[in-house]
Every structure is written in structure tokens, then in C-alpha cells.
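Read left to right, the sequence shown gives residues 0 to 148 (numbering that gives the first Met the number 0).
Ideal Cβ placement from N, Cα and C applies to all residues, glycine included.
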Amino acid sequence: MTSDTPSPGLLRRLGAMAYDALLLLALLMLLSYPYVWLTGGDKPGLLVKTLYQLYLLSICFIFYAGFWTHGGQTLGMRAWRLKVVRNGGGTVGWALAMKRFGLAWISLLCLGLGFLWVLFERDKLAWHDRWSGTRLVLLLRTNKDLRSE
């Protein structure tokens, strides 16, 4: 993947995020059962609540970083033909995935401005793309894809 590979626009990114959000929500619900069982539905203290939130955040990280480091695509990205690569091509390692994940949260927590930046940036890079040294690329359809439709 070179720098002349097309970058996806905002709507395609949001589509992939919506798919992944559904999958991640189901996973978080499933993996929350041990917490509910351990607390018995009682209101937990600050320490337990904080540990639970860190647990949920780590699940989110493992979900995204696992896909990014093994093929560069989450399931939502695969459906929308997106792939995350290092600038200049190449795969993303765990350290770079952690950096991208953390910076994506910053992009999101700033009222989504980091993602909206794609609309104004010449290379269609979000904040976390630029700051982490990664980018999303749009995969072109192959003849195999066209035959299966």
C-alpha cells in the first residue's frame, strides 16, 4: 500500500465504526456477566467500578488491536473495504496499535473533531491517523468480488 492508495471518506469510516460498535457491544455485554455475577447486582465501590471500567477498556483495545495487528482489518473495516496500514505501507504492530487506539479516543472525546478532520484534510487523515503514523486505505474491488455479486 503506497501513499497513492485512496483514503476513505468520513461516511465509509463511520459505516465501519457502526458495524464494529455492534460487534463490540455484544462482546462487552457477554464479557460483563462475570462482573455482574461477582457484584451480585449491588452498587460497587469506587475501586471495583474503576477496575471494571479498565477491564472494559482493555477488551476494546484487544478487539481493535487484535484485528489491526492480524490483517489490518476489523470485521466492520472488512465489510467497508478499509484497511489500516503504517504510513508508506506495512503492517501495524502492537505498540503502534496501542498508540493509534489511545489517539483515536482523543479524536473521539474532542466531540469527534478528530474524525471530522477527514473532511478538511487534504490526505483525508483523522487526527489519530496523522499522529500515530498510520492511515486507513480503501481497498479496491477485485474481479473475484465482482463475480460474487
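| Query | Result |
| --- | --- |
| Three-pair Cβ contact test at 8 Å for the region 28 to 44 versus the region 64 to 75 | no |
| The alpha helix (DSSP H) enclosing Leu50, as first and last residue numbers | Leu45 to Thr68 |
| For Leu13, three-class secondary structure by DSSP | helix |
| N- and C-terminal bounds of the alpha helix (DSSP H) containing Arg77 | Leu74 to Ala78 |
| Euclidean distance between Cα positions of Leu56 and His127 | 18 Å |
| Leu110 (DSSP reduced to helix, strand or coil) | coil |
| Inter-residue CB distance, Val83 and Leu135 (contact presumed, cutoff 8 Å) | 6 Å |
| Pair within 7 Å by beta-carbon distance, Gly75 and Ala15 | yes |
| Closest residue to Leu138 among Lys98, Gly88 and Gly40 (Cα-Cα distance) | Gly88 |
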